[in-house]
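A.B. asks:
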Amino acid sequence: MSIRKIYKYPDPVLRKKAATVTSFDEKLEEIISDMAQTMYDAPGIGLAAPQIGQSIRLIVVDITEEPDDEKKYMTMINPEISIHTGNQLDEEGCLSVPELTANVKRYKEITVSYQDTKGDSRELSAENRFAVVLQHEIDHLNGVLFLDHLSSLKRGLYKKKVKKWLAEK
Ligand code: NI
């Protein structure tokens with residue numbers, strides 16, 4: 152297990168449509184455990200494979216219930232939102248988009264079909280905050296960042312800030 156580098160905006164890997172996972176092998180398991188370790192180290196509550204430079208359709212999400220509990224995460228491979236209802240507004244941030252949080256409009260309830268680490272098909276329904284995290288991570292697999300859901304004014308301000316950081320490096 153190792154902690155991987157988290158790719159940050161505007162790295163092009165974050166903008167690619169990630170490839171479908173077809174081999175459920177040891178290499179995949181290694182990426183998954185590295186992703187979990189990288190997520191908890193950051194710390195974050197969800198991570199998509201493109202964020203560690205792997206352009207494949209894979210996400211891990213934290214499902215630890217109480218702060219003192221042992222960390223528990225869930226892996227979703229090739230996840231797709233099959234059903235959605237309602238809307239909600241909640242604050243989001245992203246390990247690949249440093250120093251920005253903003254309210255984003257998302258579906259209130261979703262059903263996600265996905266494959267588990269063995270390649271078996273599964274389905275999960277989620278609502279509220281957990282549904283937000285899943286929508287955010289699934290967006291990453293399509294090259295979409297939470298930034299893209301903001302007004303062009305807010306997005307423009309952030310882009311300017313990043314340009315300045317990069318110029319100062
Ligand atoms: Ni993110």
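Convert by adding 151 to the 1-based position in the sequence shown; the result is the number in our numbering. We put the beta carbon where it would ideally sit given N, CA and C, even for glycine. All values reported here derive from a predicted model rather than from experimental measurement.
Taking the C-alpha atoms as reference points, what is the distance between T252 and C245?
C.D. replies: Here residue 252 corresponds to residue number 101 of the sequence shown, with the count starting at 1. Here residue 245 corresponds to residue number 94 of the sequence shown, with the count starting at 1. About 8 Å.
A.B. asks: Out of Q205, G195, L301 and G197, which has the shortest C-alpha to C-alpha gap to L179?
C.D. replies: Within the sequence shown, residue 179 is the residue found at index 28, counting from 1. Checked all of Q205, G195, L301 and G197; the closest Cα to L179 is Q205.
A.B. asks: Can you give, in chain order, each stretch of the beta strand (DSSP E) that sits fully within the region 223 to 281 and has at least 3 residues?
C.D. replies: Within the region 223 to 281, the complete beta strand (DSSP E) runs of at least 3 residues are 224 to 236, 239 to 245, 248 to 257, 260 to 266 and 272 to 278.
A.B. asks: To the nearest angstrom, how far is it from the Cα of L317 to the Cα of I261?
C.D. replies: Taking the first residue of the sequence shown as position 1, residue 317 is located at position 166. Taking the first residue of the sequence shown as position 1, residue 261 is located at position 110. About 37 Å.
A.B. asks: State the Cα-Cα distance for the pair L240 and N279, rounded to the nearest angstrom.
C.D. replies: As a position in the sequence shown, residue 240 is number 89, starting the count at 1. As a position in the sequence shown, residue 279 is number 128, starting the count at 1. The alpha-carbon atoms of L240 and N279 are separated by roughly 9 Å.
A.B. asks: What are the residues that DSSP puts in a beta bridge with V211?
C.D. replies: As a first step, residue 211 is located in the sequence shown; it is residue number 60 there, counting from the start. Answer is L198 and T226, bridged to V211.
A.B. asks: Would the beta-carbon of E319 be found less than 8 Å away from any heavy atom of the ligand NI?
C.D. replies: To locate residue 319, count along the sequence shown from 1; it is residue 168. Incorrect: E319 has no Cβ contact closer than 8 Å to the ligand NI.
A.B. asks: Which two residues bound the contiguous alpha helix (DSSP H) that contains Q188?
C.D. replies: In the sequence shown, the residue the question calls residue 188 occupies position 37. Unbroken alpha helix (DSSP H) run through Q188: E177 to D192.
A.B. asks: Flag this pair as yes or no: are the beta carbons of Y258 and P230 separated by less than 9 Å?
C.D. replies: What you label residue 258 is simply residue 107 of the sequence shown in a count that begins at 1. What you label residue 230 is simply residue 79 of the sequence shown in a count that begins at 1. Here Y258 is not near P230, since their CB atoms are 9 Å or more apart.
A.B. asks: Counting along the chain, where does the alpha helix (DSSP H) carrying R306 start and finish?
C.D. replies: On the sequence shown, position 155 is the one that residue 306 refers to. Note, R306: alpha helix (DSSP H), S303 to E319.
A.B. asks: Would you say V248 touches the ligand NI, meaning its beta carbon is less than 8 Å from a heavy atom?
C.D. replies: Here residue 248 is taken as the residue at index 97 of the sequence shown, counted from 1. Result yes, Cβ under 8 Å from the ligand NI.
A.B. asks: Look at the alpha carbon of G294 and the alpha carbon of R155, and state the distance between them as a whole number of angstroms.
C.D. replies: Residue numbering aside, residue 294 sits at position 143 when the sequence shown is read from its first letter. Residue numbering aside, residue 155 sits at position 4 when the sequence shown is read from its first letter. When rounded, the distance between both Cα atoms is 19 Å.
A.B. asks: Rounded to whole angstroms, what's the CA-CA distance from R166 to F281? Just pull it up for me.
C.D. replies: In the sequence shown, counting from the first residue as 1, residue 166 sits at position 15. In the sequence shown, counting from the first residue as 1, residue 281 sits at position 130. About 24 Å.
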